[in-house]
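Student: Heads up, the sequence shown is in my numbering, so the first residue is 114 and it goes up one at a time.
Think of the CB as a built atom: it goes at the ideal place given N, C-alpha and C, for glycine as much as any other residue.
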Amino acid sequence: MESATGTPLIIVAGATGELGGLIAHALRDKGASVRALVRPGTAATRLADLRARGVEIREASLTSVPDLTEACRGGHCVVSALSGLGRVIIDLQTNLLKATEDAGVKRFIPSDFSLDFTRLPRGTNRNLDFRKTFQEIADKSNLEVTSVLNGMFTDLLKGDAPLIAKPISRVIYWGDRDQPLDMTSMRDTAAYTARVAMDTNTPRWLRIAGEVVDADGLRLAASEAYGKSFKTMRIGGIGVLSRMIDVTRLLAPQREEVFPPWQGMQYMRNMMSGRGKHPTLDNDRYPDMDWQSVREVLGDNYGVPVQ
Ligand SMILES: NC(=O)c1ccc[n+]([C@@H]2O[C@H](COP(=O)([O-])OP(=O)(O)OC[C@H]3O[C@@H](n4cnc5c(N)ncnc54)[C@H](OP(=O)(O)O)[C@@H]3O)[C@@H](O)[C@H]2O)c1
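Okay, structure coming up:
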């Protein structure tokens, strides 16, 4: 459906967050009309950037299906970039899904944005199990649902992900040094998702990776980006990682955290074992997209000689 200005109206939930904000920006760059659904009472300062880019702000509680339905009316697609535990990913996202149907919007993009969990058995990753449960609910709806699977955000290599240990110049891995890993920057994930949202007919799953890289590829990228020579360091096999996850979860369960350390390690296990690897890529669906490499995301200090 088009807005009064003749451009598709895309509804974004989670636009005050990191990825959702980038999706809203990418949609505006591509000429879409964007309506952000935000919590009632969200501080104006948190909305200034969205407003400055011409995003319409609509307050609606994710607990109220009637309010959400009103807020979704006229949309071409609803995009969820919500983040949270089961309460958010299953319960509140289901309210949003229901409202999307009730409002007569045809298309829905869930907040999956992860490695490929479609072939993972339950029990290997708590946060991905929430997404599997939501998948079962979404697939019973009458909506055209499309999930964007991006592997790991490349940006995490600069901080949270325990893969590139800059102070000791090591790339850390478990299992097989040659295991390919899917990495996509947040910028590219947002840009691709914007294209999917504006599209008219997309498949159930779209898999992307800005770069597919193994431990040695990460070593080269880190060496170039940081201007010093990195080495790879194998901590152990996947069994060792599993035992580390069990012990960490026992000692520091942090059940209410979305990304406690043991949860991050579960993502590492899914990637390093190859079980969460994308079997194919759909990057070429939008051929004009320009994908960021790991090296580009790590830093722009190219040309510094490797020591
Ligand atoms: N593949 C990867 O490597 C990777 C890494 C990180 C994240 N992700 C995924 O990317 C997606 C977005 O994550 P993010 O990092 O952008 O999240 P984020 O910055 O934490 O933003 C989360 C958004 O959800 C909203 N939200 C959460 N609970 C809500 C509630 N009860 N009511 C209303 N709004 C609520 C927040 O609103 P407020 O601002 O009002 O709180 C915010 O807009 C998630 O699916 C996440 O799992 C993937």
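1) Closest to Leu-333 by C-alpha separation, out of Glu-249, Glu-169, Arg-283, would be which residue?
2) Would you mind working out which of Gly-377, Leu-354, Thr-393 sits nearest Ser-386, comparing C-alpha positions?
3) Looking only at its own chain, which residues have a Cβ that is under 7 Å from the Cβ of Gln-292, when we skip the five neighbours before and after it?
4) Below 8 Å on the Cβ atoms is my contact criterion, and I expect Arg-300 with Gln-376 to pass it. Report the Cβ-Cβ distance as a whole number of Å.
5) Report whether the distance from the Cβ of Asn-238 to the nearest heavy atom of ligand 1 is below 7 Å.
6) Look up Pro-400 in the DSSP assignment and say whether it is helix, strand or coil.
7) Under the assumption that Leu-319 contacts Arg-398 (Cβ atoms under 8 Å), give the Cβ distance between them as a whole number of angstroms.
8) Give the straight-line distance between the Cα atoms of Ala-365 and Leu-276, rounded to the nearest whole angstrom.
9) Relative to ligand 1, is the shortest distance from any of its heavy atoms to the C-beta of Asn-383 smaller than 7 Å?
10) Please classify Ser-298: is it buried, with 16 or more other beta-carbons within 10 angstroms of its beta-carbon, or exposed?
11) I'd like the list of long-range same chain contacts for Met-311, defined as Cβ closer than 8 Å, with 5 residues on each side in sequence excluded.
12) Taking Ser-174 as the reference, which of Arg-166, Leu-205, Thr-345, Ala-157 has the closest Cα?
Tutor: So, to answer that:
1) Arg-283
2) Leu-354
3) Excluding residues up to 5 positions away in sequence, Asp-327, Met-385, Gly-387 lie with their Cβ nearer than 7 Å to the Cβ of Gln-292 in the same chain.
4) That pair is no contact at about 24 Å.
5) no
6) Note: Pro-400 maps to coil in three-state DSSP.
7) 7 Å
8) A straight-line Cα-Cα distance of about 21 Å links Ala-365 and Leu-276.
9) Not so, every heavy atom of ligand 1 lies at least 7 Å from the Cβ.
10) It counts as buried.
11) Pro-121, Ile-123, Leu-140, Lys-143, Ala-145, His-189, Cys-190
12) Leu-205
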